[in-house]
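Right, one structure below, let's go through it.
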Amino acid sequence: MQCQVFDPIGARVAELSLDEVDAGDVARLEKLLAESGVVVIPDQNIDDRAFLAFLKRFGELMFTTGEMPLAGYPDLNVISNVGRTTPPKSTFHVDTTYVSQPPRYTALRAVHVPHEGGHTQFSNQYAAYDTLPDEIRDDLAGRLVTHVVTGVDPGDEQETSAAHPIFLTHPLTGKTALYLSAAARCSAISGKTSQETEEIVAYLIGHSTREDNVFRHAWSAGDVVMWDNRVVMHRADHSGVIGDRVMHRGMVR
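Residue numbers for the sequence shown follow the numbering used here, so the first one is 352 and each next one is one higher.
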């Protein structure tokens with residue numbers, strides 16, 4: 352397994368077949384994900400059965416209730432622009448943070464790559480924390496953010512909100528990341544008014560997603576991209592997409 356590390360976040364792994372990974376490969380990938388946030392694994396001509404088996408090597412899978420499941424694979428869901436009259440909307444976010452145990456990892460398998468556009472962007476949340484002004488870091492230390500569900504109907508028996516530390520220490524690296532999601536999903540910061548929460552979240556998202564803190568992945572056929580939700584936020588850039596964009600997504604609890 353060969354690795355090329357990107358700036359400001361992310362890495363590319365070569366000479367790895369996902370249908371042949373062993374325990375040592377999984378451990379190396381977990382370390383790389385913790386350090387680099389995003390791992391691009393190209394040239395993976397695998398099907399959904401192999402994709403699912405690969406993800407299960409990392410732990411128990413989870414599914415976002417309300418998303419479109421993949422026929423025959425209820426642990427996977429489909430992300431697609433096919434049949435839409437308007438492009439999907441996406442803002443920087445972290446997947447399914449409104450539950451008390453959100454996913455550690457998310458992975459996408461490229462099924463159809465558009466002729467143009469359809470990139471995915473990732474922000475470096477370690478750097479976002481490290482570059483906060485001291486007075487803001489001091490003020491927010493120890494505070495919780497309440498995350499709420501938006502965009503899907505989780506049903507009556509599912510969680511719809513959960514509080515998480517705004518500063519999250521990664522268990523593998525010991526480094527601290529700024530942990531938040533889309534503004535609409537961050538409903539309250541402990542000890543702050545609703546207006547203060549709105550202003551702080553807007554500032555933090557702008558600070559996190561400035562151009563020099565974002566890695567943009569241009570998809571190629573056969574790509575699998577996996578990321579650590581504790582280290583990055585992400586968004587799909589749907590502007591200027593020409594052609595079908597179909598991804599299959601899996602998440603590890």
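Glycine included, each C-beta is placed from N, C-alpha and C at the ideal position.
Strictly by DSSP, which residues pair up with Tyr-424? Leu-421
Between Asp-399 and Tyr-424, which are expected to be in contact by the criterion C-beta below 8 Å, what is the C-beta distance as a whole number of angstroms? 5 Å
Suppose contacts are defined by Cβ-Cβ distances below 9 Å. Is Glu-510 in contact with Val-603 by that definition? no
Given a cut-off of 9 Å on the beta-carbon distance, is the pair Phe-473 and Val-389 in contact? yes
For the alpha helix (DSSP H) containing Ile-540, list its first residue and its last residue. It is not in any alpha helix (DSSP H) - Ile-540 instead sits in the beta strand (DSSP E) that spans 537 to 540.
Evaluate Leu-483 with the Cβ neighbour count: other Cβ atoms within 10 Å of its Cβ, from every protein chain shown; 16 or more gives buried, anything less gives exposed. buried
What is the DSSP secondary structure of Asn-432, reduced to helix, strand or coil? Three-state DSSP puts Asn-432 in coil, outside helix and strand.
Residues of its chain near Val-377, where Cβ-Cβ distance is below 8 Å and the 5 sequence neighbours each way are ignored: Arg-408 and Phe-409
Thinking Ile-397 and Leu-421 are a contact (beta carbons under 8 Å), I'd like their distance in whole angstroms, please. Rounded, the Cβ-Cβ distance is 14 Å, inconsistent with contact.
CB-CB length for Phe-443 against Ala-533, believed under 8 Å: 7 Å
Check Gln-472 in the structure and name its three-state DSSP category. strand
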